[in-house]
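Notes for the one structure printed next.
In the working numbering, the protein residues as written are 3 to 137.
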């Protein structure tokens, strides 16, 4: 199954655990195929650099390398404008389009409120684990 994990899922899984870590483990095990985009990778680096995480540059580089090794980067160049309240969330939709993903996994309320976009289902990490990983 092809999925796009929003930046918040990757950060949560890498730094805190829970359902997001379960999803990242499934990606590492090859149970699901995860995709990102250049824009989302840039956002990930920016988020990891926030003071609240207190990560050293070498730790950020290690996380970024791990993400690049386990998550495929896709970029169609297509620009969408769907989420007026937070246009940055459109980058996740663009990545899903480029990857031909079936599911977006996100903790973001703007994306979750869509429920689906085109043929892509949008699920919280807990719902993704319950529906697709706990079988």
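Glycine residues also receive a C-beta, built at the ideal position from the N, C-alpha and C atoms.
Residue i to residue j span [Cα, whole Å]
i, j, result
"residue 29", "residue 18", "17 Å"
"residue 3", "residue 33", "8 Å"
"residue 48", "residue 23", "20 Å"
"residue 27", "residue 81", "30 Å"
"residue 73", "residue 135", "18 Å"
Reduced DSSP category for residue i - H, G, I as helix; E, B as strand; rest coil
i, result
"residue 84", "coil"
"residue 73", "coil"
"residue 35", "strand"
"residue 103", "coil"
"residue 54", "helix"
"residue 45", "helix"
"residue 18", "coil"
"residue 136", "coil"
Residue i vs residue j beta-carbon contact at 8 Å
i, j, result
"residue 142", "residue 108", "What is shown of the chain runs 3 to 137, which leaves residue 142 out entirely."
"residue 77", "residue 100", "yes"
"residue 94", "residue 42", "yes"
"residue 13", "residue 38", "no"
"residue 133", "residue 21", "no"
Rounded distance between the beta-carbons of residue j and residue i, thought under 8 Å
i, j, result
"residue 84", "residue 92", "6 Å"
"residue 112", "residue 88", "5 Å"
Residues that residue i bridges to, as DSSP identifies them
i, result
"residue 30", "Residue 30 pairs with nothing; no bridge assigned."
"residue 6", "37 and 106"
"residue 118", "123"
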